[in-house]
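Taking the working numbering, I'd label the letters of the sequence shown as residues 5 to 567.
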Amino acid sequence: MGLVTGVAAISMTISAGTVMMALNASAAAESRPFPFHVTYQVGVLPSASPAARDAAVRKQYDSWKATYLVHGCASNEYYVSTKGDNDAPNNGTVSEAQGYGMNIVPLMAGYDTNAKVEFDGLWQLVKNHRDGQGMMQWKLDGKTCKYADTGTPDGATDGDLDIGYGLVLADKQWGGYTADALGWLGKFYAANVTSDGHLKCEDDGPTTDSRPSDWMLDHLRAFAAYDTAHDWNKVITKTQSLIQSFTASFSPTANLLSDFIVNANTASPKPAPANYQENQPDNIVGYNSIRVPWHMGTDALLYGSPVTLAVAQHESASYKSHSGGDPKKVYPHTKLDGTPQNTGDVAEEAGDSVGPSAMAAGDQAWTDTIWNFLATNPFGDHYFGETIKMIVYIVMAGDYWSPTASGGPSPSPSSSSPSPSGSPSPSPSPSGTPTPTPTTYEAESATLSQAVVATNHTGFSGTGFVDYNNVAGSFVEWTVNATSAGTATLTFRFANGTTTNRPMAVTVNGTTVASALAFGGTTNWDTWKTVSVTATLNAGTNTVRATANAATGGPNVDNLTVS
């Protein structure tokens, strides 16, 4: 009888343990386990097979995790080490690194069976090391795990953005992080977003500057969908306006963005002085803005934004041209015209970062070259390069999913041939989540005030274009129909044969969505470019008006596309 009882007891114990393990597994089950292939809105993928791409990502992750993901400072904490770069004492961490880790780990969950534990440890370290604004103290010593900079602890915008995005990813992947994510985003918005919507460089910094490597529009679009208590669309609109104003004035061909900009609170941003914050110098592309083609390309791939797609196309083409198509010769210090500042400083992350832009631009040959370059690592291992490579690998493999987009895995976009001219153009994805069909409204068919229809230049669509006739206050007003209420992108096709910006105020249904949208020079009056702004449309009929601000009037406007 005792033996039977003992066997029964053993059986019950095993059964209870099995049930508990099943419950734990269920609670932590991934909704999007790696590999989770998605269809990007534009562009191409590397020619390698999906299986080969996923294998390359796994190999890089194994190496990255073994080298840089550290279990410490406390038993329930993890951090991403800056080993090899000396960014923090004793191979400690910085908020940038912690944010990268909090993006990488949820994206690799499913392959990494310990991912949730690691993510929770990364988040725990952040929670235990906050500054006065509620953001992460930006630098921590690897031995003491204490703040490792002078003065009062403060945050860094890029790291804090990535931490917020990581929480949104985790909430999609496992659930249970909604309160943490919304709490973090609320504190971030209060500390880092200025009244006009631009991002500060740090939470206790001035409200007049910004850092283009922080302009992660894919993050901002996810926040706009996830956190409706804050006006993230204002941040998106301002960020896109800064991109267009800056590139039109300072980098019209290459569309490069300097490491720091000043006058971000105006319609005329400009490069910061050379030694503004970091002696790189700061008025050209350096180790901050080498990340811009990665960020712009990623946003274009995920969301098909005309603004970031245009930047991706120009930057990809410029880097390809000036490097001779060799990623090793994409140098980390580059002038705004695309020429290298010097060729003595090299870094793998400079060439790696161009990959998503090459993809978005639809340049198959350049995409394949960069994909193959990722595996070569000619300049040695270090935290910054290997971590950027890790995320670029995920993007280029087609495994970078949006945490706020619905739907399951989709077929990957097919490869396309490179453009014969060498200037890449976007290739639409053959399948995937449907997006609203863009509708184009010709300017000559709109309502005009103090403007005229003209045909004296070439390249326009329809039967003509609108000349603002050098009159301040002249406007074009379109009637736009929307099947449902929601956010739309308004894209204006224009020409400006001068070298001077001709800003215009854009209103939708009488509400200003851009007070001074930049319309920079396009070389001549026969060359047409586009500029975009995000706005909220009502279901049914809407009015979109573009009004010239300056005495010189607006540019010539060909049409308005709503998407």
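Glycine included, C-beta positions come from ideal geometry on N, C-alpha and C. Here the structure is a predicted model, which is why all the values come from computation and not from measurement.
- Query: Roughly how many angstroms lie between the CA atoms of Asp145 and Asn279, to the nearest whole one?
  - Reply: 26 Å
- Message: So Ala226 and Asn237 are supposed to be a Cβ contact under 8 Å. How far apart are they, rounded?
- Response: With 8 Å as the limit, Ala226 and Asn237 do not qualify as a contact, their Cβ atoms being about 12 Å apart.
- Task: Classify Pro440 as buried or exposed, calling it buried when 16 or more other Cβ atoms lie within 10 Å of its own Cβ.
- Result: Since pLDDT at Pro440 reaches only 49, below the 50 mark, its modelled position is unreliable, and the value read off the structure follows with that caveat. Answer is exposed; the Cβ neighbour count stays below 16.
- Please report the residue range of the alpha helix (DSSP H) in which Asn376 lies. 368 to 378
- Query: From what residue to what residue does the alpha helix (DSSP H) around Glu353 run?
  - Reply: 352 to 356
- Item | Separation of Pro344 from Asp367, as counted between CA atoms | 22 Å
- Bridge partner(s) assigned by DSSP for Asn563: Glu446, Arg497
- Just mark Lys135 as buried or exposed, buried being the case when its beta carbon has 16 or more other beta carbons within 10 Å. Before going further, note that residue 135 is Asp rather than Lys in the sequence given. Flag for Asp135 reads buried.
- Leaving aside the five residues before and after Ala562 along the sequence, list all residues of the same chain whose C-beta is less than 7 Å from its C-beta, in chain order. In the sequence as displayed, the identity of residue 562 is Asp instead of Ala. Ala447, Phe464, Ser465, Phe469, Arg497, Phe498, Trp532.
- Task: With DSSP as the reference, please indicate the residues paired to His337 in a beta bridge.
- Result: Paired residue(s): none; His337 is not in a bridge.
- Among the residues of its own chain, which have a CB less than 7 Å from the CB of Asn546, if the five just before and after it don't count? Val484, Ala486, Val512, Asn513
- Could you name the residues that DSSP lists as bridge partners for His75? Tyr82
- Item | Opening and closing residue of the alpha helix (DSSP H) in which Leu221 lies | 221 to 230
- Item | 4 or more residues per run - each alpha helix (DSSP H) lying fully within the stretch 50 to 132 | 54 to 72, 99 to 112, 119 to 131
- Task: Go to Thr534, then tell me how far its alpha helix (DSSP H) extends in each direction, as first and last residue.
- Result: It is not in any alpha helix (DSSP H) - Thr534 instead sits in the beta strand (DSSP E) that spans 533 to 541.
- Would you mind sorting Lys324 into buried or exposed? The rule is 16 or more other CB atoms within 10 Å of its CB. buried
- Task: Going by DSSP, name the residue or residues bridged to Glu481.
- Result: Thr451, Arg549
- Query: Going along the chain, which residues of its own chain have a beta-carbon closer than 8 Å to the beta-carbon of Thr182, five neighbours each way excluded?
  - Reply: Asp175
- Query: For the alpha helix (DSSP H) that Pro394 lies in, which residues bound it at each end?
  - Reply: Note that residue 394 is Met in the sequence shown here, rather than Pro. That run of the alpha helix (DSSP H) goes 387 to 400.
- Query: Where does Met139 fall in DSSP's three states?
  - Reply: coil
- Residue interval of the alpha helix (DSSP H) (run including Val315): 310 to 327
- To which residues of the same chain is Thr565 closer than 6 Å at the C-beta, ignoring the five residues directly before and after it? Pro442, Thr444, Thr495
- Query: Between the C-alpha atoms of Val334 and Asn381, what's the straight-line distance to the nearest angstrom?
  - Reply: 14 Å
- Look at the Cβ atom of Pro331, then the Cβ atom of Asp349, and state whether they are nearer than 7 Å. no
- State yes or no: is the C-beta of Trp127 within less than 7 Å of the C-beta of Ser99? no
- Query: What three-state label does DSSP hand Phe2 in the structure shown?
  - Reply: Any property of residue 2 remains undetermined from this structure, which presents the chain solely from 5 to 567.
- Item | Distance between beta carbons of Ser249 and Pro273, contact taken as under 8 Å | 6 Å
- Please confirm whether Ala152 and Pro93 have their CB atoms less than 7 Å apart. yes
- Query: From Gly359 to Gly477, what distance separates their C-alpha atoms?
  - Reply: 43 Å
- Task: Return helix, strand or coil for Gly190, following the three-state DSSP convention.
- Result: helix
- Item | Cβ neighbours of Ser67 in the same chain (closer than 7 Å, five flanking residues each side left out) | none
- Task: Measure how close the beta-carbons of Ala316 and Ala379 come, nearest whole angstrom, since I'm counting them as under 8 Å.
- Result: With 8 Å as the limit, Ala316 and Ala379 do not qualify as a contact, their Cβ atoms being about 23 Å apart.
- Item | Inter-residue CB distance, Asn474 and Gly557 (contact presumed, cutoff 8 Å) | 4 Å
- Using a threshold of 7 Å, state whether the C-beta atoms of Leu203 and Thr161 are closer than that. yes
- Since Pro297 and Ser262 are thought to touch, with beta carbons under 8 Å apart, how far apart are those beta carbons, to the nearest angstrom? At roughly 14 Å, the Cβ-Cβ gap does not stay under 8 Å, so Pro297 and Ser262 are not in contact.
- Ser79, buried or exposed, once every other Cβ within 10 Å from all chains shown has been counted against 16: exposed
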